[in-house]
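To keep things clear, I will list the structure first and then write my remarks on it.
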Amino acid sequence: MKKVLGILVVAFVFAEIASANAVPIRTRSSYGDAGSFIQGTTSTTSNGITINTQEFCSDANTDPTAGTCQLAYAFQVASPLPTSGGPLTITFSAPAGAVVTDFDPAGVLTNENGDSVTSPNLFYSPLTSAQLLSTIDYETDAAGDQIFTFDLPFPFDLSGSDSLSKGLAFYMNVGTGANGEGQFCFQAGTDCTASNLPEDFPLVTAKLGGNVSTPEPASLSLLVSGLLGLGAFARRRKVS
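Start counting the sequence shown at 822; every next residue gets the next number (this note's numbering).
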């Protein structure tokens, strides 16, 4: 009994730590070898943090004849990050009419490992995967919002080498259907009568201060405490 409980405790703690630190990372070339089809852009300022947004159809999964495309959003933190104020939490919420994909919903957009794109036009982070994994926490809440949290001051240079890489960049993949894997119509075609892209852009919010996401939230702590208590009770019964 003791061994089983011990294994369960370690498994739950390890799984939660892995989940909390698993920041999805995607390169621009994963959306295609050429520039993606930008459908619209906007800019939002929340709590002094300006974030630019691109709505785009992935070059790799766009069919102009059918009129369908894989829809996604690229986000770039356009303003200088504060040097203090505690952790910064950035939240992305899917617009009405779109569902965040179950597979690869969101993450940090970067450019490395020889990533080469003809006529690149998507934002990207001027950092390596190792740097990103060591600084940013990622989670999805019950509402399906995509949440990224990191401490300030940010330890790495975000100036970038061109206008597309001047700041942290994120992506969010959306679609239709229950799991978000269905494609949108971006124009009329053999499979589409007209465009049905979301009318609004994703809701983007930034929050300074508060608690940084930790690998062991209160719910997990309660679970572990309960398992440990159950183990102690089993030991007392064995002794008596």
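The C-beta atom is built at its ideal place from N, Cα and C for all residues, glycine as well.
Rounded straight-line distance, which links the Cα of residue j to that of residue i
i     : j     : result
V898  : G888  : 31 Å
F977  : Q952  : 8 Å
C1006 : F971  : 36 Å
Q1004 : P903  : 38 Å
T866  : V1025 : 9 Å
I957  : N1017 : 34 Å
A990  : S950  : 13 Å
T1014 : S946  : 37 Å
G965  : T910  : 15 Å
T1011 : T886  : 6 Å
A881  : D854  : 7 Å
P926  : T997  : 13 Å
T848  : G928  : 10 Å
F877  : G1001 : 16 Å
G1030 : S905  : 9 Å
K987  : F1022 : 22 Å
P974  : A1009 : 47 Å
G861  : N873  : 11 Å
T883  : S857  : 9 Å
T863  : T871  : 11 Å
Q875  : G907  : 28 Å
D936  : G869  : 32 Å
L954  : A1027 : 20 Å
A1053 : G918  : Confidence at A1053 is low in this model, with a pLDDT of 46, below 50, so its placement is unreliable and the value that follows should be read with caution. Going by the C-alpha atoms only, they are around 51 Å apart.
Y959  : V920  : 18 Å
Assumed close pair residue i, residue j - CB separation to whole angstroms, cut-off 8 Å
i    : j    : result
F944 : A893 : With a Cβ gap of about 12 Å, F944 and A893 do not count as contacting.
T922 : V995 : 7 Å
Per DSSP, the bridge partner or partners of residue i
i    : result
C890 : T883, F1005
Q952 : In the DSSP output, where bridge partners are listed per residue, Q952 has none listed.
C878 : F858, L892
V844 : Its beta-bridge partners do not exist; DSSP assigns none.
A990 : Q897
T863 : T874
Proximity winner among the options, relative to residue i (alpha-carbon distances)
i     : options                  : result
S982  : S851, L948, Q860, C890   : L948
T931  : S851, A1027, A843, L1029 : S851
I846  : A1027, K1028, M993       : M993
S940  : S914, P1023, I859, S980  : I859
V844  : G996, Q967, G1010        : Q967
P1019 : Q891, T848, N873         : Q891
D962  : L985, A915, P908         : A915
T900  : T862, L979, A999, A1009  : First, the amino acid is wrong: residue 900 is Ser here, not Thr. Here the closest residue by C-alpha is L979.
N942  : L985, V920, D936         : L985
V938  : G918, A919, S879         : S879
*Enumerate, from N- to C-terminal direction, the unbroken alpha helix (DSSP H) stretches of 4 or more residues contained entirely within the segment 899 to 957.*
950 to 956
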